[in-house]
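Peer 1:
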Amino acid sequence: MKNAKPQDLAVLLQNKLKLTKSKFPVPELMVLEKLLDCLFYVSMCKEESDLVKVTVTLIDPANPDPHPPKKPVAERWSCVSFEQPIPMTTKALAKLSKAADPCSTTLAVYYQGEELYIWGMIDQAMHYQNFLNYESETDSEQPGLFQVSVNDIGTLNVLFNYELLATLKQDTLVQRYLDVLTIGPISKILKSNADFLKSAFREYLEQTYPEEAFRDWQDFLDNLWIQTFSRLLLKIQSYQHGGAILIHQDGADLDIKYKIHYKRLTLAMIAHAKASVDLYILEKRISADLKSRKQTLSKDLYLSGSATLHLKKGTADEISGAISFIASQTCVDGVVLFDENMVSNGFGAVLRSKRMPKKIYRSGTATATAKSLSPADPKHYGTRHRSMIAYCWNHAKSLGLVISQDGEIRVFSKIDDKLIMWENIKIQQYVKDKKHQNKLPY
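In terms of this note's numbering, the sequence shown is residues 63 to 504.
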């Protein structure tokens, strides 16, 4: 939706709340409009020279935890109340944002009549963020009715647990992000690039666990590859510098300022996949050992399990380190180059292709069906985008990604005789399923 306002997001939010099974009353539209208006204005403020970033949760102070689990996990959220509630104003939010980093904290807000107030702070938000960003394999329960995050100037994200309802970007309301990394031609290209990982894993499986069927592990390997790539894009976004990635098969039309050959990311993924199957097999053996020994475990299996678990964690940390190493290279002007095996071959590269298509096609779906394509003028875009468009147009097997300073990601690839562009790309682990819907505390 173009020319959208916070009021349009408020209508969408209220409609969602009405459909959600909740014992708590749905806020009046005026309350939601005031909430989103305040957050929209605070997104344009600065506090101590920094743009404001903050997340708020609508949660009732009279009953913040209506259905606590019998055995809560150690890292479960908790609310800390202020001695006196604070009227929710742009100034108050901006001031409190310095003490409420969205990576660790959310602000608890509620309403009385049509007036909003901030009544406390909620901790342990890092576990939620880690799951969204593929840094954790386990999700965490979320409090309240919904969360609203301020991530950039004029940008609001509304989330229900792990479901992204919509994003307001200045005057554009985005209700659907394209899952091009798991569906459609871009996903097909990326998964075919995982053949190096699959080949190494298949060989290890045949030599070490011949009883295991490789086909049972293919989805795991595809997800590992795609999630690692998603994490790389998220890390690049976090620098707010902008950057570009080119996955190519030849070195033509490239001027590489800093040539390197860095394959640790791929090797770390292979090591992590091996450690994962090791741990899986060992857990099956431990389960069988416990049954045969009547709930006792042999010392050798215990020590082997501890060592394997430690190894898997180490390989996960290695992947994180390699991602950070590569992502930081995008802060140098130019393109980061990958071959099809996710091996980095240089950064600060200049794309020399000049011949441009007369028009490109913007895809409204991940699958880029004919009906979803709309023509666009490549001259409408900036230098970084145009150089990527020209290169992908002249090198059909290339895949280009441009990350703007505001975090917008656009993907380019030549499909048949068309240069297609995808935007509003889904890279976080937003989930919409019954498993998470049933976890809603209200």
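Just so you know, even glycine gets a beta-carbon here, dropped at the ideal spot from N, CA and C. Note that the structure is predicted; figures quoted are calculated from it, not measured.
#1: If we count the other Cβ atoms within 10 Å of its Cβ and call it buried at 16 or more, is Val93 buried or exposed?
#2: Spell out the partners DSSP gives Thr229 in its beta bridges.
#3: Per the DSSP calculation, Ala411 is bridged to which residue(s)?
#4: Output the distance between the C-alpha atoms of Arg472 and Ile465, rounded to the nearest integer angstrom.
#5: To the nearest angstrom, report how far apart Gly469 and Pro440 are at their CA atoms.
#6: Taking just the CA atoms, how far does Asp379 sit from Lys409?
#7: What residue from Gly313, Asp112, Val88, Thr290 has the CA that sits closest to Val412's CA?
#8: Helix or strand or just coil, what does DSSP make of Leu373?
#9: Bridge partners of Leu113, per DSSP?
#10: How is the beta strand (DSSP E) around Lys480 delimited, first residue to last?
#11: Please list the terminal residues of the continuous beta strand (DSSP E) segment that includes Ala161.
#12: Give, in chain order, every unbroken run of the beta strand (DSSP E) that is at least 3 residues long and sits entirely within the region 248-318.
#13: Helix or strand or just coil, what does DSSP make of Thr427?
#14: Would you decide whether Gln209 is buried or exposed? Buried here means 16 or more other CB atoms lie within 10 Å of its CB.
#15: Is DSSP giving Lys153 helix, strand or coil here?
#16: According to DSSP, what are the bridge partners of Phe474?
#17: Exposed or buried, what is Val397 when buried is set at 16 or more other beta-carbons lying within 10 Å of its beta-carbon?
#18: Closer than 8 angstroms is the cut-off here; do at least three beta carbon pairs connect the region 303-319 with the region 330-349?
#19: Just to check my reading of the structure: Asp105 and Ile215 have Cβ atoms closer than 8 angstroms, yes? What is that Cβ distance to the nearest angstrom?
#20: Do Pro419 and Leu481 come within 8 angstroms of each other at the CB atom, strictly closer than that value?
#21: Does DSSP classify Val118 as helix, strand or coil?
Peer 2: Taking the structure as given:
#1: buried
#2: Asn219, Val236
#3: Val397
#4: 7 angstroms
#5: 20 angstroms
#6: The amino acid occupying residue 409 in the given sequence is Phe; Lys does not appear at that position. Cα to Cα, the separation comes out at about 23 angstroms.
#7: Gly313
#8: helix
#9: Lys108
#10: 480-484
#11: Unbroken run through Ala161: none, as it is neither H nor E.
#12: 305-309
#13: coil
#14: buried
#15: helix
#16: Gly462, Met483
#17: buried
#18: no
#19: Sequence inspection shows Ser at residue 105; the Asp mentioned does not correspond to that position. Yes, they are in contact, since the Cβ atoms of Ser105 and Ile215 sit about 6 angstroms apart, within 8 angstroms.
#20: yes
#21: strand
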